[in-house]
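Residue numbers (full-length UniProt numbering): 1 to 585.
Glycine residues also receive a C-beta, built at the ideal position from the N, C-alpha and C atoms.
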Amino acid sequence: MSPSKLDSTDSFGHEEASVSCSKPENGCVDSLSIFHSEKAVEELLQQTPVAGMDEHLIEFSEALRTVAKALRRAAEGKASAQAEAAEWKRRYELERTRNIQMERKGNNNCEMVQHWWIRSSLDNAMDMLRIMLPCLFFWEVGKEQNKRIAEARMAEQFSAEKNGDIDCERVKNSDNQSMLQNESNEYSETGCMKHGIWSHEVLRDRESDSNSNADRNKIMRKASFKLSWWCNGENGDQHKHDIVSFERGNITTAERSSKQISLKWESDPQTVLILTKPNSVSVRILCVQMVRWLRERKKLNVYVEPRVKVELVAESSNFSYVQTWKDDSEISHLHMKVDLVITLGGDGTVLWAASMFKGPVPPIVPFSLGSLGFMTPFHSEHFKDCLDSVLRGPISITLRHRLLCRVVRDAAKNEYETEEPFLVLNEVTIDRGISSYLTNLECYCDNSFVTCVQGDGLILSTTSGSTAYSLAAGGSMVHPQVPGILFTPICPHSLSFRPLILPEHVTVRIMVPFNSRSPAWASFDGKDRKLLAAGDALLCSMAPWPVPTACQVDSTNDFLRSIHDGLHWNLRKTQSFDGPRDRDL
1 MSPSKLDSTD
11 SFGHEEASVS
21 CSKPENGCVD
31 SLSIFHSEKA
41 VEELLQQTPV
51 AGMDEHLIEF
61 SEALRTVAKA
71 LRRAAEGKAS
81 AQAEAAEWKR
91 RYELERTRNI
101 QMERKGNNNC
111 EMVQHWWIRS
121 SLDNAMDMLR
131 IMLPCLFFWE
141 VGKEQNKRIA
151 EARMAEQFSA
161 EKNGDIDCER
171 VKNSDNQSML
181 QNESNEYSET
191 GCMKHGIWSH
201 EVLRDRESDS
211 NSNADRNKIM
221 RKASFKLSWW
231 CNGENGDQHK
241 HDIVSFERGN
251 ITTAERSSKQ
261 ISLKWESDPQ
271 TVLILTKPNS
281 VSVRILCVQM
291 VRWLRERKKL
301 NVYVEPRVKV
311 ELVAESSNFS
321 YVQTWKDDSE
331 ISHLHMKVDL
341 VITLGGDGTV
351 LWAASMFKGP
361 VPPIVPFSLG
371 SLGFMTPFHS
381 EHFKDCLDSV
391 LRGPISITLR
401 HRLLCRVVRD
411 AAKNEYETEE
421 PFLVLNEVTI
431 DRGISSYLTN
441 LECYCDNSFV
451 TCVQGDGLIL
461 STTSGSTAYS
471 LAAGGSMVHP
481 QVPGILFTPI
491 CPHSLSFRPL
501 ILPEHVTVRI
511 MVPFNSRSPA
521 WASFDGKDRK
531 LLAAGDALLC
541 SMAPWPVPTA
551 CQVDSTNDFL
561 RSIHDGLHWN
571 LRKTQSFDGP
581 RDRDL
């Protein structure tokens, strides 16, 4: 054997001795205890290699480093899993304790009632019956009187219809027409229409039935109208249902209508509300001209904001007839007084007008005095002709759907214990705010898990808001009368996260999980920001009160014109006619 081989063999033997033995006075240590300890592995890796170490020892050291990394990752994963499990266990115990307390409270109430009933004697029961019987007797008498009064009113109404006082045709022969009548009765008790969606009674709150007679007189003075489907062709102004037929096992649809909506006044409008964009000289001048024209030529009552009335009175004392409101409590009753809303500004003014009405919204006529104007088809230069056409009717209407958003805190007992709801016409945005961490959001659709958003945030948009923030985040442009909820992520940290369009009937639930590094912030149409801490949730569903906006032509024409003029959609120079061509076949 050569001396070089002897040297290498000796060096390898010395290395093994250094590995398997510690200090001489302590004796040798078991090698398995070294490999089971991550610290020992790292110390072993930090030792300076012997000059004669071969390639096998180098590979062995690399394997040891890999094992050390795996051990470290396993320890971190175990710690994270234990922390998350402890948090969920804490929530489970808290919910369990809360349910037990509620059950005990209910059992205690039942026991108290049971003990009271046992302690009560037959004499007490007879006394109660003596008191209740006269009450029941008078209640039955009053019920019978109310029934007679209702029958008398129905007889008077029938006689009035016979004399021509009420011009309303009764349609009961067709199943389609009866279905429309049933749908309209959900909103109105007295509305009567033909091929209609709803009448002006949709602008009444359900709580207004308990108001005084004076309030009812004010409601009756409002201008009445009805919305109906219409389509172009031979059967104009007639609603066509999608008839599903089953022939030879095949499902087909026929007579699909264009679903355009038309508004027809049944009585002349009397009151107009004008909302303007602030700090604009051109808007102020137009407002003065419009108020004077509506009052002098059309004999209409005009409402404006308190700020605008101060400006009008400061310019001329002749504007003293202009009406306004004093506090926010009067704003909630504006829909009972106003027949028509006119906005002078851009899309932001339309959003402001919609936010003033927490329930039903009167028809809105938006004039374009802003930047883009996706929802403002009318031009201010011809406001007299436009308003003449609108007041005369009928006009096309776009029903813009709104989102009803509710914040549910972690401490809430159930999902019905929420804060004051928000009505959103464009979108609700959940973002990370000033935090530098990614937003972590768990998303559910009707209790079905959708995904976990990790990025800058999420946008839940209406189809009217599809050309706003959602478009800038990569969402699709959708016709405003398509009922749906746009689900658009903001800068997601994933290449496969694409936007969704959900149906209108679902409820979207966005929750901040407990393992999130930072809270989230929710904003509603760009304002009213709310902090969402860990465990808080945001519920979004379609609101029952859409925003009706007047169209210049119809909803489809106005939508296409807005994306062409506002966004220059698919604007490109036409290919030159000259040049090479395909050879004739």
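Taking a contact to require three or more Cβ pairs closer than 8 Å, the region 270-287 and the region 359-372 qualify as touching. The beta carbons of Ala520 and Val512 sit closer together than 9 Å. In the structure shown, the three-state DSSP call for Arg292 is helix.
Less than 9 Å divides the Cβ of Thr462 from the Cβ of Arg402. Relative to Ser523, the option among Ile459, Leu351, Val553 whose CA is nearest is Ile459.
Contact between the region 522-540 and the region 331-341 is not established, with fewer than three Cβ pairs separated by less than 8 Å. Between the beta-carbon of Thr376 and that of Gly348 there is about 10 Å, and that puts the pair past the 8 Å contact cut.
For Cys540, the enclosing beta strand (DSSP E) starts and ends at 537-542.
Pro306 carries a helical assignment under DSSP once its states are collapsed to helix, strand and coil. CA-to-CA, the gap between Ser317 and Arg297 works out to about 19 Å. In the structure shown, Lys530 falls within a strand segment according to DSSP collapsed to helix, strand and coil. Judged by DSSP in its simplified three-state form, Ser448 adopts strand. For His505, the three-state secondary structure derived from DSSP is coil. When only Cα atoms are considered, Val288 and Gly475 end up about 40 Å apart. A check of alpha carbon separations from Pro306 across Trp139, Glu330, Val453 identifies Glu330 as the nearest. Collapsing the DSSP output to three states places Glu417 in coil.
For Trp265, the uninterrupted beta strand (DSSP E) run begins and ends at 260-265, by DSSP.
Secondary structure of Cys287 (DSSP, three-state): helix. The DSSP-derived three-state label of Gln552 is coil. The beta-bridge partner set that DSSP reports for Met102 is empty. Just measuring C-alpha positions, the residue of Glu76, Asp431, His505 sitting nearest Lys530 is Asp431.
For Thr349, there is no enclosing beta strand (DSSP E); the residue is found in the alpha helix (DSSP H) stretching over 347-356.
Per DSSP, Val390 lies in no beta strand (DSSP E); the unbroken alpha helix (DSSP H) holding it starts and ends at 383-392. In its chain, beyond the 5 residues on either side, Glu427, Ile459, Ser461, Leu486, Thr488 have a beta carbon closer than 7 Å to the beta carbon of Ser470. Selection Arg498, Phe422, Glu59 evaluated against Trp545 yields Phe422 as nearest (Cα-Cα).
When the five nearest sequence neighbours on each side are left out, the beta carbons in the same chain lying within less than 7 Å of the beta carbon of Trp352 are those of Leu275, in order along the chain. Under the three-state reduction of DSSP output, His379 falls in the strand class.
Looking at the DSSP output, Asp431 bridges to Gly457, Trp521. Taking 3 residues as the minimum length, the beta strand (DSSP E) runs contained wholly in the region 460-493 are 484-492, in order along the chain.
Burial check for Phe559: the Cβ neighbour count within 10 Å reaches 16 or more, so the residue is buried. Around the beta-carbon of Ser464, 16 or more other beta-carbon atoms lie within 10 Å, marking it buried. If you draw a straight line from the Cα of Asp410 to the Cα of Arg517, it is about 17 Å long. Each residue's CA atom was taken as its position, placing Arg284 and Leu571 some 35 Å apart. For Leu294, the closest of Ile490, Val322, Ser267 by C-alpha to C-alpha distance is Val322. In the assembly as shown, Ile58 is an exposed residue. Its beta-carbon has fewer than 16 other beta-carbons within 10 Å. In the three-state reduction of the DSSP assignment, Asn570 falls in the coil class, being assigned neither a helical nor a strand state.
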